[in-house]
Every structure is written in C-alpha cells, then in structure tokens.
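FYI, in the working numbering the residues of the sequence shown are 10 to 89. For each residue, glycine too, the CB sits at the ideal point set by N, CA and C. Step one of this worksheet: look at the structure below.
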Amino acid sequence: MAEVLVYCGNQKCGVALNESPDTPVEKRQPCPKCGALLREFDLRVSDEVNVKSFIDIKKKSTRCSTLLDVKRWHNTPLLS
Ligand SMILES: [Zn+2]
C-alpha cells in the first residue's frame, strides 16, 4: 500500500494537513496555521513488495512516471 501524506509547504511551518494530494491548487484551503497554499507531499510505501518494485523501477529507468510525479510534486512552485 502506498500512502501520500500532505504537509504545509511553508518550510517554517510544515504542519500535517488533512487534505487529499489530488486537490487542485485552486481548491486548496490555506494552511490553518500560516495560511500558505504551498504543499509538500510525502510518499509512504508500507508494503514490502511495493518498496522492492519501486526501487527496481528507480534503478531501471529515470523516466518512470511515478518518479517524475514525485519530482514534480517537490519542485513545482505552487504559487504563481
Ligand atoms: Zn503552514
């Protein structure tokens, strides 16, 4: 099972948010603590098989869409 945890993207805040990672930017609620709309996503893989296949994919190809998605989540400036 993979689980995505959502945190406030403000580095001085970083509070855990009860928000779906699929929530579009325009529908996000401002962070209750600091009001930021930035988000940080943390992919947690708890199933051993998934962990292994994830590592295998990482070794085999950097073009894996999952890895690209993770990179994009962390790199995309969410406020324009
Ligand atoms: Zn915050």
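Taking its Cβ as the centre, do 16 or more other Cβ atoms sit within 10 Å of residue i, making it buried, or is it exposed?
| i | result |
| --- | --- |
| residue 77 | Any answer about residue 77 is weak, because its pLDDT of 47 lies below 50 and its placement is not dependable; what the coordinates show is given next. Exposed, by the Cβ-count rule. |
| residue 53 | exposed |
| residue 39 | exposed |
At a threshold of 6 Å, does residue i count as lining ligand 1 (C-beta to nearest heavy atom)?
| i | result |
| --- | --- |
| residue 34 | no |
| residue 13 | no |
| residue 27 | no |
| residue 24 | yes |
Specify, as a first and last residue, the run of the beta strand (DSSP E) that residue i falls within.
| i | result |
| --- | --- |
| residue 11 | 11–17 |
| residue 28 | Counting along the chain, residue 28 falls outside any beta strand (DSSP E), and DSSP gives it neither H nor E. |
Report yes if the CB atom of residue i is closer than 7 Å to the CB atom of residue j, and no otherwise.
| i | j | result |
| --- | --- | --- |
| residue 26 | residue 51 | no |
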